[in-house]
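Using UniProt numbering, read the sequence shown as starting at 1 and increasing by one per residue. We treat Cβ as the ideally placed atom computed from N, Cα and C, and that holds for glycine. It should be emphasised that the depicted structure is a prediction, and the values quoted were computed from it without experimental measurement. Have a look at the structure below before the remarks.
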Amino acid sequence: MKTNFKKQSHLVLTTGNDEIIAIIKCDAGLQYLKDKLIQSISENFDANEVVLQTDITIIAYEVIHIFKANIYSDNESTEEYFKLTNTPIY
1 MKTNFKKQSH
11 LVLTTGNDEI
21 IAIIKCDAGL
31 QYLKDKLIQS
41 ISENFDANEV
51 VLQTDITIIA
61 YEVIHIFKAN
71 IYSDNESTEE
81 YFKLTNTPIY
C-alpha cells in the first residue's frame, strides 16, 4: 500500500467501528505505508502478525479507503476491516 500525494498529508487509520488507531504522516511523492499500517494494527490488537489484504496507491485526498487485514495473535486469527481517511492537521 502506498501514497502519491502532491503535498504532505495525513491519513487517519480507524477500525470498521470508527475507533481511531493512528494518524499516519505521508510525505509528498511516492511513499510506502504498509509497514506503518502493520505496526499500528499490530500494536493496537497485540498481534504477532498482520497481513493486509490490499495493494493500492492512494492519490485522492477526499476518498475513504477501506481494506481488510488478517490479524494473528496467540493461536487466534481474526479478520478486520479498516478505513484510511485523509485529514488536515493544523
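### Given residue 73 as reference, the closest of 62, 47, 81 once Cα atoms are compared
47
Quiz prompt | Three-way DSSP call (helix, strand, coil) for residue 37 in this model | solution = helix
| message | Suppose contacts are defined by Cβ-Cβ distances below 8 Å. Is residue 10 in contact with residue 59 by that definition? | response | no
Contact defined as beta carbons within less than 8 Å: I believe residue 33 pairs with residue 1. What is the distance between those atoms, to the nearest angstrom? 6 Å
Query - Beta-carbon contacts of residue 44 that lie in its chain and below 6 Å, excluding the five residues immediately before and after - result: 21
Point to revise | Nonlocal neighbours in the same chain, by C-beta distance under 6 Å from residue 49, ignoring five residues either side | key: 72
Check your understanding: In the structure shown, what three-state DSSP assignment does residue 19 receive?
Key -> coil
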